[in-house]
Amino acid sequence: MLPDLAVILLLLASGTATGTVLGLTGGGGSILAVPLLIYVVGLKDPHIAIGTSALAVGLTATISMLSHAKRGNLKIREGLAFGLPGVAGAIMGAQLGLITPANSLLLVFATFMVVMGFKMFRKKHADQPAMTIEDNGRILVKKKHMTVTGFLVGTAAGYFGIGGGFLIVPALIQAAGLNIIQAVGTSLLSVSLFGFSTAGRYFGTGSVDLVIALLFVAGGLPGSLVGVKMATWIPKHKLTKVFGLMIIAVAIYILFKTLSQ
Numbered sequence: 002m003l004p005d006l007a008v009i010l011l012l013l014a015s016g017t018a019t020g021t022v023l024g025l026t027g028g029g030g031s032i033l034a035v036p037l038l039i040y041v042v043g044l045k046d047p048h049i050a051i052g053t054s055a056l057a058v059g060l061t062a063t064i065s066m067l068s069h070a071k072r073g074n075l076k077i078r079e080g081l082a083f084g085l086p087g088v089a090g091a092i093m094g095a096q097l098g099l100i101t102p103a104n105s106l107l108l109v110f111a112t113f114m115v116v117m118g119f120k121m122f123r124k125k126h127a128d129q130p131a132m133t134i135e136d137n138g139r140i141l142v143k144k145k146h147m148t149v150t151g152f153l154v155g156t157a158a159g160y161f162g163i164g165g166g167f168l169i170v171p172a173l174i175q176a177a178g179l180n181i182i183q184a185v186g187t188s189l190l191s192v193s194l195f196g197f198s199t200a201g202r203y204f205g206t207g208s209v210d211l212v213i214a215l216l217f218v219a220g221g222l223p224g225s226l227v228g229v230k231m232a233t234w235i236p237k238h239k240l241t242k243v244f245g246l247m248i249i250a251v252a253i254y255i256l257f258k259t260l261s262q
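Start counting the sequence shown at 2; every next residue gets the next number (our numbering).
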């Protein structure tokens, strides 16, 4: 059953906003999907919002990833090295999210947003060239770092119904030696894997609204394509600071709404 016209328009607008940021930064936009679905679209159950968000983010990230791949920004080997361990984490995180009471889940989510907002506001991106590592021991350390980090980020992605790209991008820069644009494109492979893994777990409990997810993606499609094009010329350090502040503001709103109930 289709929602009414007003809800459809809100879904399309919310999807466009999320898709634009997702294509632009390789992540970050997904952390806004759950608040948008709850406070703008009007979903009452946070668990349904998280499950639906995960599916929408997975689909939107796939679209953005294909666009980045055409531009040569997708490094599949590095993406899988990070993403596959994260799938196990995403499934575990989704299970933890399902058993967490709704209000508690929102409070933890808002706290997580504050921490990540400050992290994004303070961090610096280095547009470094890809590294060539000749020492086998150092390569092994890098791979282990990516495996552990991938699992932890996947767990957070599954618990909160996010893609985790804003955590994946700096990890790929540090552990895989990718430059910022390569890291953005490659991160979308992991975001897709985490989103679909989380959505699959939530779908089994009936906590995914397919119609809402598809409408959200329909809005995200043009947004993601615009974001991918903008990613090549907007200064990342300025964008990251502004987006970090926005995440903190949204988190404060969630805390206020949840604690005032």
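All C-beta atoms in this analysis are idealised placements derived from N, C-alpha and C, irrespective of residue type, glycine included.
Item	Value
Using the three-state DSSP reduction, which class does ASN74 fall into: helix, strand or coil?	coil
State the CB to CB distance for the pair VAL218 and SER65, rounded to an integer number of angstroms; the pair is presumed to be in contact (CB under 8 Å).	Not confirmed; about 11 Å, so no contact.
Within its chain, find whatever has a CB closer than 8 Å to the CB of VAL8; leave out the 5 residues flanking it on each side and keep chain order.	VAL42 and GLY43
Using the Cα positions of VAL251 and PRO36, report the straight-line distance between them to the nearest angstrom.	8 Å
Do ALA157 and VAL170 have their CB atoms nearer than 8 Å?	no
For ILE77, which of LYS239, ALA177, MET93 and GLY205 has the nearest alpha-carbon?	ALA177
How is ASN180 classed by DSSP in three states: helix, strand or coil?	coil
Here's the rule I'm using: 16 or more other beta-carbon atoms within 10 Å means buried, otherwise exposed. How should GLY207 be labelled?	exposed
For the ligand FMN, any of its heavy atoms closer than 7 Å to the Cβ of LEU222?	This structure simply doesn't include the ligand FMN, nor any ligand for that matter.
Just confirm the distance between the C-beta atoms of GLY113 and PHE161, as a whole number of angstroms; I'd bet it's less than 8 Å.	According to the sequence displayed, residue 113 carries Phe and not Gly. Sure, about 6 Å apart at Cβ, within 8 Å.
With distances taken Cα to Cα, identify the nearest neighbour of LEU179 among MET147, LYS71 and GLY52.	MET147
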